[in-house]
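Counting along the sequence shown from 1, when you hit position 237 you're at 354 in the working numbering, and nothing is skipped either side. From the three backbone atoms N, C-alpha and C, an ideal C-beta is built for every residue, glycine too.
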Amino acid sequence: MDEKRGKKTWVSMKFPASNKLSSLVSSINRNASIGMKPYIIPNSEEKIKAIEALGFNKDEDPKCVYCGEEMTCWDHLNSMTLGSKETEFITSISNAVPSCLPCNTGRGNIPYALWLRTGEKRAAYIRDEKKVNIENVIKKIDKYIEWSDEEIQKGNWVPYKADINRIIYEDEELVKLKQKYDSLKDEIIDLLKHASKIGEKIRERITKTSYPNYHKKGLESNKSLEKLKSNLTEEDLQPLRQIVDQFTSVKTLEEIYELKIEYNKLLKQAINRQLR
Ligand SMILES: [Zn+2]
Numbered sequence: 118m119d120e121k122r123g124k125k126t127w128v129s130m131k132f133p134a135s136n137k138l139s140s141l142v143s144s145i146n147r148n149a150s151i152g153m154k155p156y157i158i159p160n161s162e163e164k165i166k167a168i169e170a171l172g173f174n175k176d177e178d179p180k181c182v183y184c185g186e187e188m189t190c191w192d193h194l195n196s197m198t199l200g201s202k203e204t205e206f207i208t209s210i211s212n213a214v215p216s217c218l219p220c221n222t223g224r225g226n227i228p229y230a231l232w233l234r235t236g237e238k239r240a241a242y243i244r245d246e247k248k249v250n251i252e253n254v255i256k257k258i259d260k261y262i263e264w265s266d267e268e269i270q271k272g273n274w275v276p277y278k279a280d281i282n283r284i285i286y287e288d289e290e291l292v293k294l295k296q297k298y299d300s301l302k303d304e305i306i307d308l309l310k311h312a313s314k315i316g317e318k319i320r321e322r323i324t325k326t327s328y329p330n331y332h333k334k335g336l337e338s339n340k341s342l343e344k345l346k347s348n349l350t351e352e353d354l355q356p357l358r359q360i361v362d363q364f365t366s367v368k369t370l371e372e373i374y375e376l377k378i379e380y381n382k383l384l385k386q387a388i389n390r391q392l393r
């Protein structure tokens, strides 16, 4: 029974997309947002101060704050964007922690505590294989943020967030520049969508010429997950809709991430019920 179900779920998995328009659009939005945020490059002294505040010995190479492996990059402690919206967080030494690349990419923009406690893949590896004490890691980072806040209050430390919207709207010239910036970004996205439609036409013609049976076999696999979703019963859809409604009222990254997990879990259960 389970084997059969597993196989069918596997068959419905999405095939690689032919273009990445939606991820390009979100990356343009993301870059536009990050591109206008404060970017404060730290000097060596500030880097050492951060490393020591995190409990590392400045005479040794710092380790990845999450897993304890060798540090190969800095990771934004608080994410710069949330979906297509920008957050108040900026790029500065007080919003960066030493990290390894797998932890940095594995975490993405998930809040660190939530990722360490519940995240899949790399986070699960840290929990299960590495025997790192997750709660101690979280406490250490929490303490670092507390320390940062105190030092910032005293004027001794670099900020990790900025009230970007207020600063823009209190400055007439900035308001105009921001409008220009946004409209250029929208133009780029429109052009990209236009180009993508032309690309699609070219692609279809070439596909049909090189593979005349395309319409008989082609489209089916990518549609199957969508088809499964569209066949869900009212009973299945009701709890999913309730979660979607909640998205409008949540405020923190933690809440959004938890809702996403819950939504995907319910969707998977509903699809599996349908396949039984
Ligand atoms: Zn790591």
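Quiz item: Looking at THR208 and ASN226, is the spacing between their C-beta atoms short of 8 Å?
Solution: no
Self-check item: Where VAL214 falls, given that 16 or more other Cβ within 10 Å makes a residue buried
Solution: buried
Self-check item: Between the CA atoms of GLU317 and LYS302 - distance to the nearest angstrom
Solution: 23 Å
Quiz item: Rounded to a whole number of angstroms, what is the C-alpha to C-alpha distance between ILE285 and LEU294?
Solution: Computed Cα separation, rounded: 9 Å.
Practice problem: Provide the residue span of the beta strand (DSSP E) that contains CYS190, from first to last. | Solution: 190 to 193
Practice problem: Thinking GLY185 and LYS247 are a contact (beta carbons under 8 Å), I'd like their distance in whole angstroms, please. | Solution: 7 Å
Practice problem: State yes or no: is the C-beta of TYR277 nearer than 7 Å to some heavy atom of ligand 1? | Solution: TYR277: no, Cβ never under 7 Å from ligand 1.
Quiz item: Taking 8 Å as the CB-CB limit, is GLU321 close to chain B?
Solution: The chain inventory of the structure shown lacks chain B, comprising one protein chain alone.
Quiz prompt | Cutoff 7 Å; reference SER338; Cβ partners in own chain excluding five residues on either side | solution = Low local confidence applies: a pLDDT of 49 at SER338 is under 50, so the model's placement there is unreliable, with the coordinate-based value given in what follows. Once the five neighbours on either side are set aside, the close Cβ partners of SER338 are PHE132.
Quiz item: Is TYR183 near ligand 1, in the sense that its beta carbon is under 7 Å from a heavy atom of that ligand?
Solution: yes
Practice problem: Tell me whether CYS217 counts as near ligand 1, meaning its Cβ is closer than 7 Å to at least one heavy atom of that ligand. | Solution: Yes, since a heavy atom of ligand 1 falls inside the 7 Å radius drawn around the Cβ of CYS217.
Quiz item: Comparing alpha-carbon positions, which option in LYS382, LEU349, SER347 and ASN348 lies nearest ILE360?
Solution: Minimum Cα distance to ILE360 is reached at LYS382.
Quiz item: What are the start and end residues of the beta strand (DSSP E) that includes VAL214?
Solution: 213 to 216
Exercise. Quick one: grab the DSSP three-state call for GLU203.
Key: strand
Quiz item: Considering only C-alpha positions, which residue in the set LYS310, TYR242 and THR204 is nearest to ALA279?
Solution: THR204
Practice problem: Find out if the Cβ-Cβ distance for the pair ILE210, LYS164 is shorter than 8 Å. | Solution: yes
Quiz item: Three-state secondary structure (DSSP) at TYR286?
Solution: helix
Practice problem: Identify the continuous alpha helix (DSSP H) that holds ALA134 and give its terminal residues. | Solution: No alpha helix (DSSP H) contains ALA134, which DSSP labels as neither H nor E.
Quiz prompt | For SER144 and GLU304, the rounded distance between their alpha carbons | solution = 15 Å
Quiz prompt | Three-state class that DSSP yields for ILE388 in the structure shown | solution = Residue state, collapsed to three classes: helix.
Practice problem: Look up LYS278 in the DSSP assignment and give the residues it is bridged to. | Solution: PHE206
Self-check item: Exposure of ARG320, with buried meaning 16 or more beta-carbon neighbours within 10 Å
Solution: So ARG320 ends up on the exposed side.
Quiz item: For GLU352, which three-state DSSP category applies?
Solution: helix
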